[in-house]
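Scroll down for the structure; my scribbles are underneath it.
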Amino acid sequence: MFKRYEADEQVIFHGDSLPILSSEIASNSVDLIFLDPPYNIGKHFADFYDQWESENDYINWANQILDQCLRILKPQGTLYVMASTQAMPYFDLYLRQKMTILSRIIWHYDSSGVQATKYFGSMYEPILHCVKDKNNYTFNSKDIKIEAKTGAKRKLIDYRKAIPSQYNTEKVPGNVWYFPRVRYRMDEYENHPSQKPESLLERIILASTDKSGIVLDPFAGTFTAAAVAKRLGRISISIESQEEYLKIGLRRILGWQEYKEEKLLPPQKSYSRKSENKQESNFVQESLFDVDSKA
């Protein structure tokens, strides 16, 4: 069973992702899929425990999700996949048989402040950038250019001369991306243990869709993909199984102010002094992969 909510070309499904993908979304209908499924690392997300009985069970389930994504994606569409560092090799091996993997991206971020002492703590998450047709896909390089530090420096030194093309002040990002993780004090913060930053989704959506393109997020969480898609003039389809996180989407994407007689409000933040509440005032989301961060 599931429920569907919609307003202004933004669609939210509340229910399990696999049956909704299988029955509710047409083949060859979506321009971009941002797939950020549960990582199978034993974390709690509202009423969901992110742990399958075995690794094989998780991989079999993930492959079913991937097959549905491939069916739904337009022939010229793009799929971005995030997974744990432990599971990503399985995703990579499966997808390289069915799609073209254009890039293996590293999302590098800052320390959570709680570091491992018996192993090298994780400070990145992997992302696969895949397309159905390597000769026909959307990549808006001009919309995602960043400052080329070499070019800017050269411009300052040789300001009287024309700048050679190799010293242009902007460039397309490489495959190592630095975006800070979402902090408690940030305006975009929502109460979720694995919230992705808007800046990360903005780069993905700008690069791989045009205006009015359709963006699908099968595991919406804080609905960041939908929020960015809506802001950029895209259509979004989001799926979320947990009612606690559904409420974030209803408020953030559809503008609801109330759900089942509960007022829907952004997180109420307390900016205590560090001396009074050091943990809260200096909060940064812990890496999902720091399974035993106190080790």
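Residue numbers 1 to 295, in UniProt numbering, belong to the letters of the sequence shown in order.
Beta carbons: idealized from backbone N, C-alpha and C, even for Gly.
7 Å CB neighbourhood of Q64 in its chain, flanking five on each side removed | The residue you call residue 64 lines up with position 64 of the sequence shown. Counting only Cβ-Cβ distances below 7 Å, and skipping sequence neighbours, we find L18.
Under the rule that 16 or more other beta-carbon atoms within 10 Å means buried, what is R181, buried or exposed?
-> Along the sequence shown, read from residue 1 onward, the residue named residue 181 stands at position 181. Buried.
Specify, as a first and last residue, the run of the beta strand (DSSP E) that P126 falls within.
-> The residue labelled residue 126 in the question sits at position 126 within the sequence shown. Taken as a continuous stretch (DSSP letters only), the beta strand (DSSP E) holding P126 covers 124 to 131.
E55 versus C69: straight-line alpha-carbon distance, rounded | Position 55 of the sequence shown holds residue 55. Position 69 of the sequence shown holds residue 69. Their backbone Cα atoms lie some 21 Å apart in a straight line.
Mind checking which residues open and close the beta strand (DSSP E) that includes K74?
-> Counting from one through the sequence shown, the residue named residue 74 turns up at place 74. Segment 73 to 82, the beta strand (DSSP E) holding K74.
Based on Cα-Cα distance, which residue from N60, T222, H192 lies nearest to A87?
-> As a first step, residue 87 must be located in the sequence shown, where it is residue number 87. Of N60, T222, H192, the residue nearest in Cα terms is N60.
What span of residues does the beta strand (DSSP E) with residue 343 cover, start to end?
-> Nothing about residue 343 can be reported from this structure: the residues present for the chain run from 1 to 295 only.
Could you check the C-alpha separation between E6 and L79 for me, to the nearest Å?
-> Residue numbering aside, residue 6 sits at position 6 when the sequence shown is read from its first letter. Residue numbering aside, residue 79 sits at position 79 when the sequence shown is read from its first letter. So the alpha carbons of these two residues sit roughly 23 Å apart.
How long is the line joining the alpha carbons of P267 and N191, rounded to whole angstroms?
-> If you number the sequence shown from 1, residue 267 lands on position 267. If you number the sequence shown from 1, residue 191 lands on position 191. Spanning the two alpha carbons is a distance of roughly 7 Å.
Proximity winner among I239, K269, A26, relative to F2 (alpha-carbon distances) | Translated into the one-based positions of the sequence shown, residue 2 becomes position 2. Among I239, K269, A26, the Cα nearest to that of F2 is on I239.
Are the beta-carbon atoms belonging to D128 and D92 less than 8 Å from one another?
-> If you number the sequence shown from 1, residue 128 lands on position 128. If you number the sequence shown from 1, residue 92 lands on position 92. Residue identity check: residue 128 is Leu in the sequence provided, not Asp. Yes, they are a contact pair.
Contact check, I12 vs I214, beta carbons under 8 Å = Counted from its first residue, the sequence shown places residue 12 at position 12. Counted from its first residue, the sequence shown places residue 214 at position 214. No, Cβ-Cβ distance for I12 and I214 is not below 8 Å.
With contact counted as at least three CB pairs below 8 Å, one residue from each stretch, are the stretch 14 to 34 and the stretch 241 to 256 in contact?
-> yes
Bridge partners - I239, DSSP secondary structure assignment | Within the sequence shown, the letter at position 239 stands for residue 239. The partner list for I239 (beta bridge, DSSP) reads F13.
In the DSSP assignment, find the unbroken alpha helix (DSSP H) run with E202 in it and report its ends.
-> The residue given as residue 202 occupies position 202 in the sequence shown. Residues 198 to 208.
Measure the C-alpha to C-alpha separation of L216 and W256 and round it to an integer number of angstroms.
-> What you label residue 216 is simply residue 216 of the sequence shown in a count that begins at 1. What you label residue 256 is simply residue 256 of the sequence shown in a count that begins at 1. So the two alpha carbons sit approximately 21 Å from each other.
Measure the CB-CB distance between V172 and S141 and report whether it falls below 8 Å.
-> For this step, residue 172 is matched to residue 172 along the sequence shown. For this step, residue 141 is matched to residue 141 along the sequence shown. Yes, the Cβ-Cβ distance between V172 and S141 is below 8 Å.
Can you give the beta carbon distance from Y94 to L73, rounded, assuming they're within the 8 Å contact cut?
-> Against the sequence shown, residue 94 aligns to sequence position 94. Against the sequence shown, residue 73 aligns to sequence position 73. That pair is no contact at about 15 Å.
Where A7 sits in the DSSP three-state scheme = Within the sequence shown, the letter at position 7 stands for residue 7. Strand.
Exposed or buried, what is K274 when buried is set at 16 or more other beta-carbons lying within 10 Å of its beta-carbon?
-> Against the sequence shown, residue 274 aligns to sequence position 274. Note that K274 has pLDDT 47, beneath the 50 cutoff, so the model's placement of it is unreliable and no number is given.
Opposite F34 in the DSSP bridges: which residues?
-> What you label residue 34 is simply residue 34 of the sequence shown in a count that begins at 1. Answer is Y80, bridged to F34.
Nearest to I146 (by Cα), restricted to the options G121, F120, K134, G174 = Residue mapping note: residue 146 aligns to position 146 of the sequence shown, counting from 1. Answer by Cα proximity: G174.
In the structure shown, what three-state DSSP assignment does residue 312 receive?
-> With the chain represented from 1 up to 295, any question about residue 312 goes unanswered, as that position is not in the structure.
Nearest-angstrom Cα distance between P193 and E261?
-> Taking the sequence shown and counting its residues from 1, the one referred to as residue 193 is at position 193. Taking the sequence shown and counting its residues from 1, the one referred to as residue 261 is at position 261. So the alpha carbons of these two residues sit roughly 26 Å apart.
First and last residue of the beta strand (DSSP E) that includes D217?
-> The residue labelled residue 217 in the question sits at position 217 within the sequence shown. Segment 214 to 217, the beta strand (DSSP E) holding D217.
What is the DSSP secondary structure of K274, reduced to helix, strand or coil?
-> Taking the sequence shown and counting its residues from 1, the one referred to as residue 274 is at position 274. Per-residue confidence for K274 stands at a pLDDT of 47, beneath the threshold of 50, marking its modelled position as unreliable; the derived number appears in the next sentence. Correct three-state label for K274: helix.
What residue does the beta strand (DSSP E) around V176 start on, and which one ends it?
-> In the sequence shown, residue 176 corresponds to position 176, counting from 1. Note, V176: beta strand (DSSP E), 176 to 178.
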